[in-house]
Amino acid sequence: MASTTDEKPAKKPAKKRATTKRKKNLVIVESPSKAKTIEKYLGSNYKVVASIGHIRDLPKSQMGVDIENDYKPKYINIRGKGDVIKGLKKEAKAAKHVYLASDPDREGEAIAWHLSHILDLNLDASENRVVFNEITKDAVKEAFKHPRQINMDLVDAQQARRVLDRLVGYSISPILWKKVKKGLSAGRVQSVALGLVIARENEIQAFQPDEYWTLDSEFLKERHKFKAAFWGADGKKAALADNEQVQAILARIDQKAGFDVTKVEAKERKRNPQPPFTTSTMQQTANTQLNFRTRKTMMAAQQLYEGINLGGKDGTVGLITYMRTDSTRISELAKNEAATFIVDEYGTEYAATKTVAVKQQEGAQDAHEAIRPTSVLRTPESIKDKLTNDQFRLYSLIWSRFVASQMTAEILDTMAVTIEQNGVIFRANGSKTKFAGFTKAYPAAREKDNKLPELAVGDVVTLAQISPEQHFTQPPARYTEAALVKALEENGVGRPSTYAATIETIQKRNYVRIDAKKFVPTELGILVQNTVQEFFPDVTNIKFTAAVETNLDNVEQGKEEWVEVIDEFFQPFQKELTKAEDEMEKIVLKDELAGFNCEVCGAPMLTKMGRYGKFYACSRFPDCRNTQTIVEEIGLTCPKCKVGQIVERKTKRGRTFYGCSRYPDCDFVSWDKPTKDTLADGTTPKSEDKKATDEANKEVKA
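Under UniProt numbering, the first residue of the sequence shown is numbered 1, with each subsequent residue one higher.
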């Protein structure tokens, strides 16, 4: 019988919710920005975190290398990384699998190795190393299909360089501190770079100029003017050594009579594009074309590699391939994409059917592609509003160079014309672009047209002007950053990824200063280099250092054991250390009278050598601590206030600039050395110059 009550039906027992979370794969990279980009590509099954660079290194307070035990490095957790390491351990413990995706080079491999040690991963069994040359969705996903074990040859190559640099730096520097002055240092690549700057300065100082003359002229054919230069006389090429020879030539010329065109050579000349950038060529070109310092170039390149938020469906994406490479190789996929783009954008005739083969530099590892855009379809202009000015300029340079490398040659029509009168010969050379070729995408590489009028053998032209001019041969130019990078690379010293740090070190130590964008050695730099060269000749020897570099590359290729390479260097080096300790005399840096008295206590002021160069200090130190920076007038009045004198100053990083002596009442500054001509155009200060002025005018304490 059915119940007549209002009983409610019994509730079904509730399903028990799962309390266990699904484990994710953990991916460790170096930088937080890189982590965000990669996590977006990999999806919800992955968690990507950053180690923020190295987590272990040699201690700063001691050598950290056991010389008696096969140069075993004593690694410690880097100070300040405790919370990062703790977090990484926690994440690794909770992860389904751990992947190490640091940069695809020696340094990145070493970081992965140190992480595997900290996280107690099984090196022999774990295939957890993932590498990719570009941070794009396809490249990252493909890389995670092919994880591998850590490459110990790459790790050993990094360890060998780190240990060798530590042995050199931490052995020589204390001797310099004891015998010369505290705060000095020497290094395997640093000393060679400084040596190059000093050797060039010695060449300049020893240079003896030779006199020579030129006879540049202007000729007319009908109304068309063109330039020609004296070539020789009586069928023979000749140089004009002095005014006497010039007058002899001029005496043979009838300036009112015509000149005969005796030879016309018309040719077609091809200019092939350069290959895409390596690290070194990118640094050099950015310095010469964009006026970027080496460190600035690498910083902007790192940002472009790690990823820029483009918005929309693209989101954050890496714009260039890995920027530390010495290879000019390009993948077939990138070549095909570039070819399609070039045909669509410029026409079939601009796409190269076969790109110019480039011989790899000796020692180049070819581990990665050249530096190129990850997609040539992302033109600089299409993403300009997403980039900073520095990023845009560097990306434009990389994009243009890559696209140009996949294009046809520029074709020039050239003409060489010989003009004669009474046996005196002039030559004129002209050219004009017949086909733009690769310069269509890379205008910076285009040659300027120098058109000549239509000329034929038998034509008569008239002399419009002749200009005898005296000259003197010039000494070799001082090194710019680009030139120094090129010299280091050509000599096989160091590696492009380390050049920025090397150049910054010799500036910070006040071994060199920058004048008109060129390196000039300081007294301190010359003193240190001469001392190191006397007692440690191998450290400053270019060929020896290059040979060591080759041996270190052999470690990377598995051809040599890193301990043997270190030992071969260190055994003779150790004898040099003992000799230096015993025989190097203490060098006393004598103070000089400055020639004026202290404005605080009236005692004589002295010129002293400090960490940042020479400065004035009171002779009653430490009772009186008055100091002054040394400024040098360059003989020009400030164009802004019309009262003060322009003086040479330095930032704390050792960079030279020029400012008004009446600072802070007048804030005129210029990075380049002003001249009467440049001041005539009303130069005004820039914001970055104001910042440098503020920095330099703060009291510098030695």
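Where a beta carbon is used, it is the ideal one built from N, C-alpha and C, also for glycine.
DSSP state of residue i mapped onto helix, strand, coil
i, result
"VAL555", "helix"
"PRO476", "coil"
"LEU412", "strand"
"SER171", "helix"
"THR353", "coil"
"PRO604", "strand"
"HIS114", "helix"
"LEU26", "strand"
"TRP671", "coil"
"ARG200", "helix"
"ALA95", "coil"
"VAL130", "coil"
"GLU222", "coil"
"ASN389", "helix"
"ARG269", "strand"
"LYS575", "helix"
"LEU194", "helix"
"GLN365", "The predicted position of GLN365 is uncertain, since its pLDDT is 47 and thus under 50; a value taken from the coordinates is nonetheless stated next. Coil, per DSSP."
"GLU211", "strand"
"residue 708", "Any answer about residue 708 is impossible in this case: the structure gives the chain only from 1 up to 702."
"MET609", "strand"
"ALA339", "helix"
"LYS178", "helix"
"ASP216", "strand"
"GLN274", "coil"
"GLU420", "strand"
"LYS676", "helix"
"ASP153", "helix"
Identity of the residue in the options nearest residue i by Cα
i, options, result
"THR656", "ARG662, ILE630 and THR388", "ILE630"
"ILE514", "ALA546, ARG478, PRO496 and GLY494", "ARG478"
"THR262", "ILE411, GLU489 and ALA456", "ALA456"
"ALA338", "GLY312, THR379 and SER171", "THR379"
"LYS81", "LYS96, ASP105, GLU109 and LEU115", "LEU115"
"SER102", "LYS93, THR278, ILE67 and LEU154", "LEU154"
"GLN62", "VAL49, HIS54, GLY53 and ILE76", "ILE76"
"SER327", "GLY315, PRO276, ILE308 and LEU304", "PRO276"
"THR388", "MET299, PHE668, LYS34 and GLN421", "MET299"
"SER405", "CYS660, PRO104, GLN274 and ALA301", "GLN274"
"ARG329", "LYS432, GLU369 and LYS440", "GLU369"
"MET152", "ARG106, GLU142, VAL197 and ALA143", "ARG106"
"VAL493", "PRO476, TYR511, THR540 and GLU534", "THR540"
"GLY525", "LYS518, PHE519 and VAL512", "VAL512"
"GLU134", "ASP120, ILE204, LYS34 and LEU220", "LYS34"
"SER31", "VAL84, ARG79, ASP449 and ALA199", "VAL84"
"VAL65", "SER171, ASN272, LYS40 and THR136", "SER171"
"PRO453", "THR316, THR414 and ALA92", "THR414"
"HIS150", "ASP165, GLY644 and GLU127", "Reading off the sequence shown, one finds Ile at residue 150, where the question assumed His. Closest option to ILE150, Cα to Cα, is GLU127."
"THR627", "GLY659, VAL643, GLU648 and ALA594", "ALA594"
Cβ-based burial, residue i [other Cβ within 10 Å; buried from 16]
i, result
"ILE634", "exposed"
"LYS650", "buried"
"PHE472", "exposed"
"ARG495", "buried"
"VAL168", "buried"
"ASN291", "exposed"
"PHE207", "exposed"
"GLU410", "buried"
"GLN289", "exposed"
"LYS608", "buried"
Short Cβ contact (8 Å threshold) for residue i with residue j
i, j, result
"LEU184", "VAL528", "yes"
"ILE342", "ARG372", "no"
"VAL189", "LEU215", "no"
"PRO521", "GLU201", "yes"
"ASP538", "PHE573", "yes"
"ALA416", "GLU268", "no"
"ILE28", "SER51", "yes"
"VAL131", "ALA143", "yes"
"LYS579", "PHE519", "no"
- On the three-pair Cβ rule with 8 Å, is the stretch 244 to 259 touching the stretch 464 to 475? Judged by Cβ distances under 8 Å, the stretch 244 to 259 makes contact with the stretch 464 to 475, as three or more pairs qualify.
- Item | Segment contact, 8 Å Cβ cut-off, at least three pairs: the stretch 158 to 170 with the stretch 66 to 83 | Yes, the stretch 158 to 170 is in contact with the stretch 66 to 83.
- Item | Inter-stretch contact (C-beta, 8 Å, three-pair minimum) for the stretch 502 to 509 and the stretch 188 to 198 | yes
- Are at least three pairs of beta-carbons, each pair with one atom in the stretch 380 to 391 and one in the stretch 226 to 233, less than 8 Å apart? no
- Query: Using 8 Å as the Cβ pair cut-off and three pairs as the minimum, do the stretch 579 to 592 and the stretch 170 to 184 touch?
  - Reply: yes
- Meets three-Cβ-pair contact criterion under 8 Å: the stretch 639 to 646 and the stretch 598 to 617: Verdict: no, contact absent.
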